[in-house]
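Asker: Going by this note's numbering, the sequence shown wraps up at 202, each residue one higher than the last. Take this structure first; my questions come after.
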Amino acid sequence: MIEPTTLRVTLRAVDLADEREVATLIAFVNANYRSPFPIDAELVRDRLHRFFWAHDDAGARVGSAAYVRKTAFLAESIKTVVDPAHRQRGVGAAISRAIEAEIRRAGFTKAMSTIYIDNIPMIVIKLRQGYIIEGLHRDHEQPGLHEYSLGKLLTQ
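Written out as structure tokens, the structure is:
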């Protein structure tokens with residue numbers, strides 16, 4: 047496994063004018079992200095959401111990520127997806143760092159993320175990156191599907 051602090055990814059905003067790229071993103075996220083609510087073109091193009099492709103230093107597409115504006119100060123990172131062919135290499139941590147940097151660059155002062163309680167790898171990634179568990183949402187998206195809410199102030 048590559049040490050999580052050494053792997054870097056670059057985020058590239060999804061071209062919303064490119065129907066094929068939007069369709070590819072939707073298919074990728076829906077195939078690789080467990081949620082009872084699939085994403086669609088309307089969500090991807092919503093003015094509150096920003097979707098990105100993640101590429102490694104070699105230019106390979108290794109995943110995707112997004113954030114949604116919650117308030118003028120708060121953005122939630124959502125739909126962080128690591129391509130199954132690139133798992134166990136530190137890609138999830140690299141994408142998490144990159145989307146946090148995008149949130150910070152956009153002027154938000156707090157980032158949050160809700161993560162299914164059984165997604166231990168992403169919970170560990172966020173905790174190592176300075177997020178704290180701020181709450182538990184029982185039956186958040188459907189009965190039996192619980193999530194932690196994690197947050198981090200970006201003012202440091």
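Beta carbons: idealized from backbone N, C-alpha and C, even for Gly. Only a predicted model underlies this, so the values are computations on that prediction, with no experimental measurement involved.
Excluding the five sequence neighbours on either side, which residues of its own chain have a C-beta within less than 7 Å of the C-beta of Leu-89, listed in chain order?
Answerer: Only His-95 meet the Cβ criterion.
Asker: Going along the chain, which residues of its own chain have a beta-carbon closer than 6 Å to the beta-carbon of Glu-49, five neighbours each way excluded?
Answerer: Confidence at Glu-49 is low in this model, with a pLDDT of 43, below 50, so the placement of that residue should be treated as unreliable; the coordinate-derived value is given next. There are no such residues.
Asker: Under the rule that 16 or more other beta-carbon atoms within 10 Å means buried, what is Val-170, buried or exposed?
Answerer: With fewer than 16 Cβ atoms within 10 Å of its Cβ, Val-170 is classed as exposed.
Asker: Could you tell me which of His-192, Glu-122 and Ala-87 sits nearest to Asp-164, measuring between CA atoms?
Answerer: Ranking the options by Cα distance to Asp-164, first place goes to His-192.
Asker: For Ile-179, count neighbouring Cβ atoms within 10 angstroms of its own Cβ and tell me buried if that reaches 16, exposed if not.
Answerer: Per the 10 Å Cβ criterion, exposed.
Asker: Distance check for Pro-189 and Ala-106, CA to CA, integer angstroms please.
Answerer: Computed Cα separation, rounded: 37 Å.
Asker: Kindly indicate which three-state DSSP category Thr-70 falls into: helix, strand or coil?
Answerer: Reduced to three states, the DSSP call for Thr-70 is helix.
Asker: Indicate the three-state DSSP secondary structure (helix, strand or coil) for Met-47 in the structure shown.
Answerer: Here the model assigns Met-47 a pLDDT of 41, short of 50, so the residue's position is not dependable and the matter cannot be decided.
Asker: Suppose the cutoff is 7 Å on Cβ atoms and the five residues either side in sequence are ignored; what does the same chain contact list for Gly-176 look like?
Answerer: Answer for Gly-176: Lys-198, listed in chain order.
Asker: Can you name, in chain order, every residue of its own chain whose Cβ lies under 7 Å from the Cβ of Thr-155, other than the five neighbours on each side?
Answerer: Closer than 7 Å at the Cβ level, and outside the excluded window around Thr-155, lie Phe-119, Leu-199, Leu-200 and Thr-201.
Asker: State yes or no: is the C-beta of Met-158 within less than 8 Å of the C-beta of Ser-110?
Answerer: No, Cβ-Cβ distance for Met-158 and Ser-110 is not below 8 Å.
Asker: So what does DSSP say about Gly-138, is it helix, strand or coil?
Answerer: Residue state, collapsed to three classes: helix.
Asker: Between which residues of its own chain and His-101 is the CB-CB distance below 7 Å, once the five residues before and five after are set aside?
Answerer: Cβ within range, chain order: Val-55, Thr-56, Arg-58, Arg-107 and Val-108.
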